[in-house]
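If you read the protein sequences in the order shown, they are chains B and H. Residues in the first sequence are numbered from 64 upward in steps of one, following our numbering. Residues in the second sequence are numbered from 1038 upward in steps of one, following our numbering. Before any comments, here is the structure.
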Amino acid sequence: MKKNKITTYKSLILLLSVLVFTISCEKWNDSDINIDPDKPSDVSMSLILPGIQQSMGYNLVGNNSVRTNNIWMQIFEGVDRQSFTEGRYQLTAADTGNLWNPIYTEMMMNCTLIIEKANEEGIESPNFEGVAQVLMATSLGIGTDLFGDMPFTEAFKGGENVLSPTYDGQESIYTMINTLLDDAIVNLNNSSNTISVSGDVIYDGDLDLWTKAAYSLKARHAIQLSALNGNSAYTAALEALENGFTSNDDDMLVPWEDANRNPIYQFMEERTDIRMGAYLIDLLLATDDPRLPFYAEEDADGNYSGSALRSQDAGASYPGPNLAAFDAPTKLMTYSELKFIEAEAKFVLGQTGAQEAYEEAVAASMLRITGDANTAWLDANINGDPVTLEKIMTQKYIDGAATNQPYADYRRTGFPGLTLASDAVISEIPLRFPYPQAELDYNTQNVPSVTLLTKLWWDQ
Amino acid sequence: MKMKTTLSGILTLLLAFVVHISYAQEKAISGTITDQDGLPLPGVNIVILGTTTGTQSDFDGLYTIRASEGQTLLFTYVGQKDIRKVVGAGNTIDVQMQDDAQALDEVVVTAVGITRSEKGLGYNVQSVEAEAISVKPNADLVNSLSGATSGVQIVNSSGEAGASTFITIRGSASITGNNQPLFVVNGQPIDSGGGFSGTGGVNTSNRTIDINPDDIATLSVLKGGAATALYGVRAANGAIIITTKSGKNLTQRKIEFHTSIGVDVVSNLPARQKKYAQGSAGTWIGGSAFSWGPEISSLEYDGDTSYIWDPNGRLVAKGTGNGTPAQYYDPFDFFQNGYQLNNRFSISNGTEQGDYFFSLSNLEQTGIIPNNTYGRTTVRLNGSTKISESIKFGANMAYTNSRAVQIQKGSNVSGIMLGLLRTATTFDNSAGYEFADGSQRNYRNGGGYDNPYWVANNIAYEEDVNRFTGNINLNIQFTDELSLNYNTGIDWYNTKYVDRFKIGSRGNPTGYLGEYMEFNSVFNSDLLLTYRKDISDKLDMSITLGNNFFSDYNKFLFGDATGLEIPDFYQLNNSSANTTQTGTANYRTSAVFADLQVSYDDIIFLGFTGRNDWATTMPQQNKSAFYPSASLGFVFSELGDLKSDFFSFGKLRASAARTANIAPVYSTSNYYEAANGGDGWTGDANGISYQFPYQDQTAFFVDDDLGNSDLKHETQDTWEVGADLRFFKSRLGIDFTYFNNTNTDLLMAVPIAPSSGFNSVFLNAAAMESKGVEISLTANPIKTEDFSWDFVANYTQFTNIVTALADGVDNIFLGGFTTPQVRAVVGEEYRSIFGEDWYRDNNGNILINDDPTDSYRDGYPMTNTAQGLVPIGNFNPDWTANITNTITYKNLSLSFLIDIKKGGVMYNGTAFAMNYFGVSERTVNREVYYNTDGSIDFNATPEENLVVMDGVYGHIDSNGDIVTNGVKNVTPVVQDQEWFTGQGSNFGGGPSSAAMEPADWVRLRDLTFAYNLPEIGDVIKGGQIYFSGRNLWIDTPYSGIDPETNLGGATNAQGMDYFNSPGTRSYTLGLKLTF
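The structure is reproduced here in structure tokens:
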């Protein structure tokens, strides 16, 4: 018994020491175990930049943006399922999150991070900052032309515990777009730069092209205020575009490739619910426009045809290679758009050069889309044909397929004159996108109350 | 047809055994059994130890049994002490049983392996009979727990072989985290996760499927906080404690062989219309998505062989074709019988010095969907030995290989049910799914959805899991009072899967390959020092001190590729578009704990536990947390003269505890992650539409889920009270429990406005409450020598309300679609389903449009898109109940389990979408004729087609306001194509609320009919032949498939049916033999 007791006490001591060991055992519970070995805690600017650009190319001019508003613009026609429903102007808060979220969390949040990194002491990189500012302005610009008021001054501060940012009025958003672009122009031309721009899939670090893009975007947003500001809008646009794009080579395009395919291409592969709209195709058919086979595939009968409004004609032409080839680049802004802006501004202001700008715009469009000048067709249909606002806007509409500009211009100018869908659930073509459910749910106190018929600030 | 051969072989074998009953050198032993007072005791069980041979005493206490000299007879009876008698030279053995003070003292295994007498427990623990689990035809043992206890909710996601199962105990304790219980096998916590699948993809298994159900010796369900408190940070969801078989208590070698063969057949299916052909607006259109064509009876084929989509050609009006009439094709011919063949073998023995148990098992299962299979092979060796009189050493080791081939399901252009159910009525998917050039033949003439036959043959998700679990156990009995127990073990497994899409699928037109490898490792170590002391005659105490180390490590490597260059060659390099990902999850915890039990005179049982945990996933300042519990069992029937022939036992229970949950790994800080995204419309199998490498670059985004360095442990405070009352010599028992769980500081990724730059931030934000009652009734109304009837019923009713979410957040997305979706919403039952609804008046009546000038059709309701998503139901039942009857007559026994779920609704998105395509049965009354003014021609339109929508007249004015006079709608309308492709379906813009259906059920979940074999010759000591059936009968108002289903598998988002794969009915024939 005695021996047994000794064993017991020995064991007890052993056990107690183990228990004490446990408590002091910091090694087992080392905090470093809670560091994720598969994710970096910091990355360089050049590793952030291409992600932003890719997301912009896929989302800003993709299936949650231009697919919907180009259905409304009758460039596309929704023949089935959700695309059909959207064709009668049903678009709800549940539908817009897939556009809004990447604008904030992928594009502008990461632009903010680049801007912060570009200002780090000792490694100031104004050129990188300038590129990020242009991208930020592009995203904010396309965003506000669809949504109107948006959070900006209080946005991207989740890390500082600002979880429900207030909304800035569209007027101040427009001011901020211009400030961003003005700052960008200064920064892009700053020669005291430490880290040169790389990882850039749009302009491969060409600062001149980024500067041109900044001016061109200023022109886009200047003319967007035409209904509001009248002539001063046109003047501002003309002033900006002087330093803008000078050829199709300057276009601000996001490339696609085998491993990452064009968004409309992917939609047609997986969903197939849209066809070309009859309104656009009929316009092209009327003049036997050479852009037709680039905008539309042949239909079942070997012709080009659009699905008539609300007809659900699934046999109509699929979107063609310029819009929906797997490697068709998506357009953030083009030279042709800028020339149309010039033509419109000069025309409305009564300045000379409107005709030339119009002709150059269509020629640029023709060349970009078909790869060929098609001079004969231009001579027969465009060149020398006295310009009117309607002609400018109609050609701009044709040129702008699969971009957000036809919808922005339609609300601003009323061109082209489109018919309301017969089964429309509202009385006009929507004047905006609704705010997404996540903002309604988690930023309830700030999100403006709107309907699809609430006008944007520049549309008042 | 291999199965058939096997089946007939088994039948022959069975017959041979039954006929060949021969008697060995045994003799008849007989005797009388009396109780303490000398009165005859009927119904006493007598078995020969080490065999399954047994009998019962008759009404006069008499028994006879054949046994050999040297064998031991074991006499058992509820409320009496067990008695063992060795068969000697004589032929008579009389026995007097003794009342057992601890008779009701079933020992149950509780937290960290501490065994306790059930009699004194201050909380509810239910044990499930292992024998019942072993004869049920479920690969995953969790399915076999369905209906076996109270307080446990189990939802099998579908009838596919290897499909997942979702289990929760007493509701949910976490908003977005794991709500499934901890599984512990032989003291070793094991990984039971997996089985969630999203709305598309495939159903995968939970890792509980890796356990061979035949290896289970005991299974107890620890429900409340006091029961699980010693598991500390892993205790909040309850625990399932499994002990596997051993050779203990055996006196001679025992070999068991168990074989069973089963057939699964598809159960409930949605009804389709068979009257109208493919097409639209009454016209046949080849390749049309719709079945809104002409009447099938009016059509015949044109026989044009140049029309590749149908071997019979196009459909044309009768009299204009080749005379071959059009016909309806039944898409459900696609389903086949599923078979399962399950063989189990074990050998075990025990001696004074030690014992062993060795088992082998193999299960091969084919599903109701062609090429869906599941297989499992297990090996187990459990052993223990005495190193000295006071030192015992044991080890348990198990290896499992689980292999599954899963087929696409759900909301997915390749989904089996999606393709089958949308297929036009006059299109025969089975008439070839592939053309000579390898392109696909489907009802959309190459567009739309994959032909289900193409899917089953060309897309496969093949999963292979190799798993080893093992633990060693050292027990030192220093003195009678002091003992030490050390238990440590591992759970290691590798999961690999290959996900292959042949070139030409609608979702992955250029082909897809996903390759996944995952390594998981759980380590656990428990050291317990226990001191027991009988302080006085009446006062006993025991105290246990312990510590625990635990680690959980997971690492995966995933690569995928689209754009396969060489067809049918599945290798990541066979593409220029491949990506890779890796991920790690690693955490550790350590703990010290103490357990104190005091009992007084078998009347008062007091228990206290305390545990302090440290977890690496928590920030430094909050690493440590303390969890106490206290429980009281008051056996009041021991007081005075309360006990009588009528009243046998009475106990009141009360307990309270605090338990917890820790944060997920790596949630205390923020990282960058590989840049990629999806737009909700396009993308690969994971919804990724764009990713890197791209343009020869790689890229990162800042993680859009913000971490938080101030996280605290989640806290669960629980209390429960209960009573356990038994009557008529314990032949009637009722057990009642009321429980209340309050969960606070629940961690969640709180969704925030995306304009903050992030989609969520991790916070201790939410609170939830779960409270309810559990009632169990056990009865043994009839018990005679030959016949007995046992009855067990369980009733569960509880509410599980979300009481708080983060500031400014009134709901959390748990799963589902943009509409409907499953959410956690403050003040609502957890897992409420939200969706759009009709416009309604203030009294909740649906508004029926009466404004001829607006764009809505008059006489129909209108979807209120303006108000967004509103609560439209909840899958959670009002109550559930189950009743098991077991009737035994001599060697025959019949056991059946009726399972009732009352209340709860489910989104029947399947039917809602079928409306749009014109294939659901409810679209059949579509024929309508109009007058020239556009009004319905009531003379020509068949009367059965006229319906009056339920609601009141009203409309929406130009301000969006509701205008109604409250008058009940009486306008007859027709549910025609315009209605169903409009607001009568999801795609047409109809509200999800219109697709909610009650998902109640009463079902015959299990039925087992068994014949217990007597001893046969020298070799066969006993056995059983049984027939077992599952879901033989289901009564439900749900119009789709078996409503025990879930789209996302084992996830918190329950109540979604969107082209889910159907459930099954199973028939199994089995044979168990003991040698």
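Beta carbons are placed, not taken as given, at the ideal position from N, Cα and C, and that holds for glycine. Note that the coordinates shown come from a computational prediction; the quantities given were computed from them, not determined experimentally.
Measure the Cβ-Cβ separation of residue i and residue j and say whether it is below 9 Å.
i, j, result
"B:L316", "B:A282", "no"
"H:T1781", "H:A1841", "yes"
"B:I286", "B:A276", "no"
"H:K1749", "H:N1778", "no"
"H:F1588", "H:V1559", "In the sequence under discussion, the amino acid at residue 1588 of chain H is Ser, which differs from the Phe named in the question. Result yes, Cβ atoms of H:S1588 and H:V1559 sit closer than 9 Å."
"H:A1622", "H:P1701", "yes"
"B:E192", "B:G114", "no"
On the criterion of 16 or more Cβ atoms from any shown chain inside 10 Å, does residue i qualify as buried, or is it exposed?
i, result
"H:L1576", "exposed"
"H:Y1926", "exposed"
"H:T1342", "exposed"
"H:V2056", "exposed"
"B:Y121", "buried"
"H:Y1966", "exposed"
"H:K1291", "buried"
"H:F1369", "exposed"
"H:E1518", "exposed"
"H:D1131", "exposed"
"H:D1721", "buried"
"B:Q117", "buried"
Quick one: grab the DSSP three-state call for residue i.
i, result
"H:V1056", "Confidence at H:V1056 is low in this model, with a pLDDT of 42, below 50, so the placement of that residue should be treated as unreliable; the coordinate-derived value is given next. H:V1056 falls in the helix class under three-state DSSP."
"H:S1346", "Checking the sequence shown, residue 1346 of chain H turns out to be Trp, not Ser. Residue state, collapsed to three classes: coil."
"B:K454", "helix"
"H:Q2012", "coil"
"H:F2064", "strand"
"B:G206", "helix"
"H:P2121", "This structure cannot settle anything about residue 2121 of chain H, because the visible part of chain H is limited to 1038 through 2112."
"H:G1853", "strand"
"H:P1226", "strand"
"H:R1481", "coil"
"H:L1458", "helix"
"H:E1552", "strand"
"B:A424", "helix"
"H:L1141", "Note that H:L1141 scores 49 on pLDDT, short of 50, meaning its location in the model is unreliable; the coordinates nonetheless yield the value given after this. In this structure, H:L1141 counts as coil in the three-state DSSP scheme."
Since residue i sits in a beta bridge, which residues does DSSP pair it with?
i, result
"H:I1102", "H:I1066"
"H:Q1093", "H:N1082"
"B:T159", "In DSSP, B:T159 forms no bridge with anything."
"H:Y1365", "Answer is none; H:Y1365 lacks a bridge partner."
"H:T1626", "H:F1587 and H:A1652"
Quick one: which residues of the stretch 1770-1801 of chain H get their C-beta closer than 7 Å to a C-beta of chain B? List them in chain order.
-> So the close ones are P1788, I1789, A1790, P1791, S1792, S1793, G1794, F1795, N1796 and V1798.
Near-chain B residues of the stretch 1616-1629 of chain H (beta-carbon distance less than 9 Å), N- to C-terminal order = Taking 9 Å as the cut-off between beta carbons, the residues of the stretch 1616-1629 of chain H near chain B are T1616, Q1618, T1619, G1620, T1621, A1622, N1623, Y1624, R1625, T1626, S1627, A1628 and V1629, in sequence order.
Residues of the stretch 1449-1464 of chain H whose Cβ lies closer than 8 Å to any Cβ of chain B, in chain order | Shown in chain order are the members of the stretch 1449-1464 of chain H whose Cβ falls below 8 Å from a Cβ of chain B: V1450.
Taking only beta carbons into account, state which residues of the stretch 1535-1556 of chain H come closer than 7 Å to chain B, listed in chain order.
-> Cβ contacts with chain B come from R1543, G1544 and P1546.
What are the residues of the stretch 1649-1681 of chain H that lie near chain B, defined by any Cβ-Cβ distance shorter than 7 Å?
-> The stretch 1649-1681 of chain H vs chain B, Cβ under 7 Å: W1651, T1653, T1654, Q1657 and K1660.
Mind checking the stretch 301-327 of chain B against chain H and listing, in chain order, the residues whose C-beta falls within less than 8 Å of any C-beta there?
-> Residues P318, E320, D321, A322, N323 and P326.
Please list the residues of the stretch 1739-1764 of chain H that have a C-beta atom closer than 8 Å to any C-beta atom in chain B, keeping them in chain order.
-> Per Cβ criterion, the list reads V1739, D1740, D1741 and L1743.
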